[in-house]
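Here is the structure we will look at.
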Amino acid sequence: MSSRDEANVLWFNELHREDVNLVGGKSSSLGEMTSSMDVPVPYGFATTAHAYRYFMDATGLNDKVNDLLNGMKDYEDSDELRVMCKKIRDLIVGAKMPDDLAENIKKSYAELSEKVGQKDPFVAIRSSATAEDLPDASFAGQQESYLNIKGADDVVNRVQECYSSLFTDRATYYRHKQQFPYEKVALSAAVQMMVFSKASGIMFSVDVANGDDTKITIDGIRGLGEYIVLGKVTPNHFIIDKKTMKIVDKTVVKQTIQLNRISDGGTVEDAVPADLQEKQVLTDDQILELAGYAKKIEEHYGCYMDMEYALDVNTDRLWIVQARPETVWSQHNKEHKNDSGDDNVVAQSDAKVVVRGLPASPGIASGTVHVIDDPKDIDQFKAGEVLVTLMTSPDWVPAMKKAAAIVTNNGGMTCHAAIVSREMQIPCIVGTESRQVAATDALKDGDVVTVDSKNGVVYAGKVESLLKKPATEAPVAGQVVAAETFAPTGTGVMMNLGDPDLADKYSSLPADGIGLMREEFIWTSYIHEHPLYLIDQGHPEKVVDMLADGVSKVARAMAPRPVVLRLSDFKSSEYRNLKGGEDYEPHEPADLLGWRGASRYYDPKYINAFKLELEAVKKVRNEFGLKNLNVMIPFVRKVDEAKKVTEIMRNQGLERGADFKVYMMAEIPSNIILADKFNEYIDGYSIGSNDLTMLLLGCDRNNDTVSGLFDERNLAVKRAIRHLIKAAHKDGKTVSICGQAPSEFPDFTNFLIQSGIDYVSVNPDMVKETKRNVAHFEQRIMLDKATGRGLEDPTDYDWE
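In our numbering, the protein residues as written are 1 to 800.
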């Protein structure tokens with residue numbers, strides 16, 4: 001064994017790319033660029049894999065870690081994994097580092113101070129696992145990094161924390177799934193001079209949006225680089241042609257916030273000065289300088305590269321702070337044409353990814369792209385095309401119903417496009433703009449694509465192997481085929497539905513009724529005109545007749561099971577898109593919190609339109625005899641609004657009774673806090689977990705910048721739901737939920753059942769699975785109670 005193999009610390013200029021086993025991919029790459037290339041890299045040193053193994057052996061941690069890992073029963077159990085990993089990290093951080101190793105690190109830090117001419121300089125300490133950054137086994141990003149570290153003791157402590165970060169939940173689970181033994185992984189810590197960035201970002205030596213290796217892409221933001229990784233700031237995007245070394249495309253996005261270092265080494269979020277918010281974060285000369293480094297690094301390594309850079313605030317100098325092989329297009333860099341004769345058909349191994357986003361509605365479909373920016377153009381959309389747009393709203397439904405697939409720039413898992421496409425079982429990908437490139441930029445009219453919405457990927461061309469479905473075997477003559485059965489449940493499982501044309505299709509599902517029928521679908525698919533406009537035109541009967549026709553389709557298909565119709569809940573911008581709407585709708589800066597729901601119904605400017613909705617409900621119940629139809633009032637801010645709306649209904653001949661129920665959406669914090677007061681005017685609640693979560697957490701679910709904070713499983717939301725259930729049940733009122741959460745998270749359904757909810761209403765594609773889940777959870781509760789293990793009052797449990 002050489003002296004280098006036994007060293008605890010090695011300087012960057014002593015390291016080369018082949019030293020991955022010594023210091024991991026990150027540290028060896030920094031060393032390679034320092035020792036063998038003319039590329040500016042902040043200087044530093046790396047602790048070695050030998051140092052890590054020495055630490056683990058000298059402290060006796062190896063046996064303890066192995067015992068904990070071997071004792072794991074189920075890596076898919078997130079609670080068990082979290083507890084086990086925390087125990088390991090606590091053991092590592094709490095151990096005493098061997099004195100000689102600690103002294104080696106302190107001495108190297110002191111030497112770094114002398115080399116750069118600064119006393120106790122600020123450094124960045126980056127974890128570098130020995131198995132990371134390899135083209136076929138990338139563990140990049142699985143461990144931690146620490147910035148703005150100062151002082152020898154703090155450096156030692158952070159190196160030890162780096163060691164512990166080898167056992168984050170994510171890293172441990174990732175190694176397990178990759179079948180990569182813990183013993184084969186070691187941890188190096190790269191201790192590198194800190195760059196105090198006035199701008200920073202990421203660049204690739206290949207266009208990762210489409211695999212074009214003739215291009216270099218550079219993304220940049222102001223301030224420190226964390227905000228580009230977290231997605232809090234949308235970066236400027238630059239594309240450079242490798243051959244001509246000219247900038248061929250620029251996307252300069254307004255940036256309003258930046259993360260900056262403060263004097264004590266911490267960070268603070270600052271506003272970007274107004275005069276800089278819409279300016280390039282890098283000059284053209286700086287962009288081309290970076291592109292030159294990217295080209296040089298790629299040529300040196302012989303593969304596509306993923307790099308990070310920083311622009312120093314004091315010297316205006318550019319630094320390359322990390323470089324590693326790009327791991328996606330490196331495996332898909334050959335262009336072939338399928339020999340089927342169809343230029344649009346490609347083999348799966350050759351398929352190029354052109355867009356990535358959030359997988360909102362599962363499925364795979366292929367078709368011709370049709371980009372639509374304005375809903376007024378949806379009449380041009382043809383059946384079987386792939387709808388590509390910024391974001392959908394209720395007035396897009398006619399086009400959505402015809403689409404082979406839907407791809408949007410914006411939105412999250414609870415946006416309109418996601419909810420509606422899941423109900424209609426149309427493949428849908430949303431939020432592409434937050435995943436490197438917006439769909440409307442990458443996809444053009446006439447492009448043939450394959451949309452794999454299970455994985456959130458759009459491929460160029462028709463990928464036939466993805467589209468082929470396995471043939472189902474026909475039953476053999478005389479063979480008995482078992483019928484699908486579902487255990488009875490105490491908790492009702494209802495279904496969300498908007499499109500009346502789907503009622504017959506879904507009526508055979510084992511749902512106990514329709515917990516949410518969205519009236520907006522009928523307006524956008526059939527009526528198309530603003531109700532006040534129709535009144536002024538002398539055709540109010542059109543509203544009554546067409547609403548009644550659509551609602552009756554659903555009530556008839558589901559009878560005798562109950563149907564709950566949510567009365568109109570358009571926002572002003574959505575009403576304005578109906579014919580004639582411009583003359584009746586205000587322009588509101590935040591219409592999500594504006595004139596919507598109950599606040600319209602009693603308003604003198606709108607009350608006559610609301611009465612037409614009530615006439616349609618009476619027609620379905622009285623003329624068509626469909627007494628299973630009930631109604632729900634949305635967005636009721638104040639108790640007085642509930643009183644006013646129910647009085648209007650009563651005056652119009654719709655009074656609560658044994659066979660007619662009036663429910664209320666619980667989607668505003670006031671609905672929860674004042675539930676005991678609202679109880680007087682309604683028969684029950686349906687929790688709109690999307691809006692409720694948004695308003696409790698103050699987080700716009702359709703804003704990509706903060707969408708990561710939106711989580712219906714947050715403890716504040718759970719406590720609000722438990723409080724509502726208690727308050728409602730006290731007065732004999734029922735509680736349902738019609739938001740996305742039960743469709744997305746089975747553990748949330750378990751929480752609801754434990755808390756005593758009466759119904760859960762889910763998307764059609766989740767009815768069967770939810771039915772089985774509910775039965776399982778209820779059986780578990782009964783078993784726990786029978787054995788004495790159950791909670792005395794499940795609703796008192798502090799769900800976290």
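No residue lacks a Cβ here, since even glycine has one placed at the ideal position from N, Cα and C.
In terms of DSSP beta bridges, what is residue i paired with?
i: residue 11; result: 45
i: residue 247; result: 240
i: residue 203; result: 218, 307
i: residue 320; result: 309
i: residue 685; result: 664, 735
i: residue 494; result: 761
i: residue 387; result: 370, 406
Using C-beta distances below 8 Å, list every residue in its chain close to residue i, excluding the 5 sequence neighbours before and after it, in chain order.
i: residue 227; result: 221, 233, 257, 258, 259
i: residue 526; result: 546, 549, 550
i: residue 38; result: 296
i: residue 326; result: 204, 205, 206, 208, 303, 304, 305, 306
i: residue 502; result: 423, 424, 764
i: residue 102; result: 156
i: residue 116; result: 43, 193
i: residue 372; result: 378, 380, 381, 387, 388, 389, 399
Does at least one heavy atom of the ligand MN sit under 7 Å from the Cβ of residue i?
i: residue 554; result: Only the bare structure without any ligand can be found here, which leaves the ligand MN out of the picture.
Within its chain, find whatever has a CB closer than 7 Å to the CB of residue i; leave out the 5 residues flanking it on each side and keep chain order.
i: residue 678; result: 639, 642, 664, 671
i: residue 471; result: Per-residue confidence for residue 471 stands at a pLDDT of 41, beneath the threshold of 50, marking its modelled position as unreliable; the derived number appears in the next sentence. If we look at residue 471 and ignore the five residues flanking it on each side, it has no Cβ neighbours.
How about residue i: is its C-beta nearer than 8 Å to some C-beta of chain C?
i: residue 321; result: Structure shown: chain C not included; a single protein chain is present.
With burial defined as no fewer than 16 other Cβ atoms inside 10 Å of the residue's Cβ, what is the status of residue i: buried or exposed?
i: residue 379; result: exposed
i: residue 249; result: exposed
i: residue 537; result: exposed
i: residue 782; result: exposed
i: residue 183; result: exposed
i: residue 530; result: buried
i: residue 137; result: Low local confidence applies: a pLDDT of 42 at residue 137 is under 50, so the model's placement there is unreliable, and no value is given.
i: residue 786; result: exposed
i: residue 50; result: buried
i: residue 216; result: buried
i: residue 539; result: exposed
i: residue 630; result: buried
i: residue 784; result: exposed
i: residue 607; result: exposed
i: residue 353; result: buried
i: residue 243; result: exposed
i: residue 541; result: exposed
On a CA-only basis, which of the options is nearest residue i? Give me that one, please.
i: residue 223; options: 166, 314, 244; result: 314
i: residue 26; options: 324, 241, 319, 63; result: 324
i: residue 47; options: 100, 105, 18; result: 105
i: residue 403; options: 308, 714, 389; result: 389
i: residue 35; options: 23, 21, 17; result: 17
i: residue 146; options: 190, 644, 43; result: 190
i: residue 571; options: 560, 586, 557; result: 586
i: residue 410; options: 28, 308, 429; result: 429
i: residue 740; options: 686, 729, 727; result: 686
i: residue 395; options: 523, 592, 447; result: 523
With a threshold of 6 Å on Cβ separation, who are the neighbours of residue i within its own chain once the five nearest residues in sequence on each side are excluded?
i: residue 634; result: 566, 569, 597, 665
i: residue 532; result: 584, 609
i: residue 681; result: 642, 643, 646
i: residue 11; result: 45
i: residue 317; result: none
i: residue 33; result: 39, 41
i: residue 707; result: 412
i: residue 805; result: Residue numbering for the chain in the displayed model covers 1 to 800; residue 805 lies beyond these limits and cannot be assessed.
i: residue 504; result: 557
Pairing CB atoms from the segment 122-132 with CB atoms from the segment 159-170, are three or more of them under 8 Å?
Counting Cβ pairs under 8 Å, three or more are found: they touch.
Per the contact definition of three or more C-beta pairs closer than 8 Å, is the segment 698-708 in contact with the segment 745-764?
No: fewer than three Cβ pairs fall under 8 Å.
Any contact of the segment 710-722 with the segment 642-660, i.e. 3+ C-beta pairs under 8 Å?
The segment 710-722 is not in contact with the segment 642-660.
Please determine if the segment 763-773 and the segment 513-527 are in contact, where contact requires at least 3 C-beta pairs separated by less than 8 Å.
Contact fails: fewer than three Cβ-Cβ distances are below 8 Å.
Under 8 Å: do the segment 444-464 and the segment 349-365 share three or more Cβ pairs, one atom per stretch?
Flag = yes, the segment 444-464 and the segment 349-365 touch.
If you pair each beta-carbon of the segment 395-409 with each one of the segment 418-433, do three or more pairs fall below 8 Å?
Contact annotation: the segment 395-409 touches the segment 418-433, with at least three C-beta pairs closer than 8 Å.
May I ask you to verify whether the segment 93-111 touches the segment 52-59, counting CB pairs closer than 8 Å and requiring at least 3?
Two segments are said to touch when three or more pairs of C-beta atoms, one from each, lie closer than 8 Å; by this definition the segment 93-111 touches the segment 52-59.
Does the pairing of the segment 282-298 with the segment 233-248 give three or more beta-carbon distances under 8 Å?
Short answer: they touch.
Could you check whether the segment 165-175 touches the segment 70-86, counting it as contact only if at least three pairs of C-beta atoms, one from each stretch, sit closer than 8 Å?
Result yes; three or more Cβ-Cβ pairs closer than 8 Å.
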